[in-house]
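My numbering numbers the first residue of the sequence shown as 765 and each following residue consecutively.
Each residue gets a CB set at the ideal place from its N, CA and C atoms; glycine is no exception.
Since this is a predicted model, take the numbers as computed values, not measurements.
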Amino acid sequence: MQQIVDEIAEEMMNLEDKGEVAHYIPQLAKIDPNQFAISVALTNGEIYQAGCADKLFSIQSISKVFTLTLALGKLGDSIWQRVGREPSGDPFNSIVQLEHEHGKPRNPFINAGAITIADLIMQGHEPKEVLAEIIQFMRYIADDDSIAIDEKVAKSELETGARNASLAYFMSSFGHFENPVEEVLGTYFHHCSIAMNSTQLAKAGLFLANNGVNPITGYTVVSAQRAKRINALMLTCGHYDGSGEFAFRVGLPGKSGVGGGILAVAPGNASIGVWSPGLDAIGNSKLGTKALELLAYKTGWSVFGK
Ligand code: DON
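Now the structure itself:
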């Protein structure tokens, strides 16, 4: 496995076209695109890494996997009254379906869906309290107490968050929100701004690769059925309007973020964190996707067969 990740890292660093960093969040626009990291956490507890696997990056939409997990833990299947489970086929920040579908987002991974999930987990609490709970959960699943929010990124998102504010106010016009819109947005921007490295990310996703149990700590995070269902949503919706292409090329449940990270899950085998800040036209890491495509090919881990 070490040889495989070393080969992938080398191949990625030699590629000319590394994609474009996210420009709409000024703090992310400053990141050097010539960086790549890969970490593979096997379900037997072994971890392999290559590239700058210690470098922190903004996990952005990958955080939506963890807020969904928290929401399911708090509220169970009742969350599906507020958010759907279908791919949207539209960009992550699209508003078009919301009017036709009465303010109910298609799935928990598009921005509108994740903002709805933020409203659900708040349950009348202050953003500060909810964020403390989210961070505590991240530290627990990754078994790493150093995980924290990058406040500069959160501020940068808030200052340029007109689209997300539009989505949130539009949804609240249907009367669905339980908490003040500004507070829901604050919670959402801050959880998107959690900073992690690829190894922490791989460790945080291990419970999804191992039927709900983190094999390193022995903690049961969710039931096996819930882990399977979160994986299903990652596979069908985790890359927005690029989810079909990601399934075609990589064949693993995955969740991307505009910070350039991707969490991929090879059920029964491994949880993988990759990072390279340059994005493709849809907003998913260009080299991250390529690296996962290579890894799935070399290991035969695709859920669709060897
Ligand atoms: O709300 C946003 O636009 C960002 N905080 C998250 C978007 C994102 O990561 C999309 N993923 N590829």
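query                                                                                      : result
Residues bridged to Lys1019 [DSSP beta-bridge criterion]                                   : Leu1027
Paired residues, beta bridge with Trp1039 - DSSP                                           : Ala801 and Gly1025
Bounding residues of the alpha helix (DSSP H) (the contiguous stretch that carries Gln767) : Gln766 to Asn778
Residues near the ligand DON, criterion Cβ-heavy atom distance below 6 Å                   : Gln824, Ser825, Phe856, Asn857, Asn875, Glu921, Asn928, Cys956, Ser1020, Gly1021, Val1022, Gly1047 and Asn1048
Rounded C-alpha distance that separates Asn961 from Gly888                                 : 32 Å
Coarse secondary structure for Ser827, derived from DSSP in three states                   : helix
Closest residue to Leu1051 among Gly837, Pro869, Gly783 and Ser822 (Cα-Cα distance)        : Gly783
Range covered by the beta strand (DSSP E) that runs through Tyr812                         : Ile811 to Gly815
Test item: CB-CB of Cys956 and Asn871 under 7 Å                                            : no
Inter-residue spacing [alpha-carbon to alpha-carbon] between Asn974 and Leu965             : 15 Å
Sub-7 Å separation of Asn875 and Leu931 beta-carbons                                       : yes
Unbroken alpha helix (DSSP H) run spanning Ile879, endpoints                               : Asn875 to Met886
Reference Met1074; option with closest CA among Leu1059, Tyr933 and Pro1031                : Outside the displayed range of the chain (765 to 1070) lies residue 1074, so it cannot be described from this structure.
Collapsed DSSP secondary structure at Phe821 in the structure displayed                    : strand
Where Ala959 falls: helix, strand or coil (DSSP)                                           : strand
Neighbour-count burial assignment, Gly1006, 16 or more Cβ in a 10 Å radius                 : buried
For Ser936 and Cys772, the rounded distance between their alpha carbons                    : Note that residue 772 is Ile in the sequence shown here, rather than Cys. Straight-line Cα distance between these residues: approximately 45 Å.
Alpha-carbon spacing of Val894 relative to Gln861, whole angstroms                         : 28 Å
Leu1059 Cβ short of 6 Å to the ligand NAP heavy atom set                                   : Ligands in the displayed structure: the ligand DON; the ligand NAP is not one of them.
Straight-line gap, Ala805 to Gly939 (C-alpha atoms, nearest Å)                             : 43 Å
For Thr1000, the three-state DSSP class (helix, strand or coil)                            : helix
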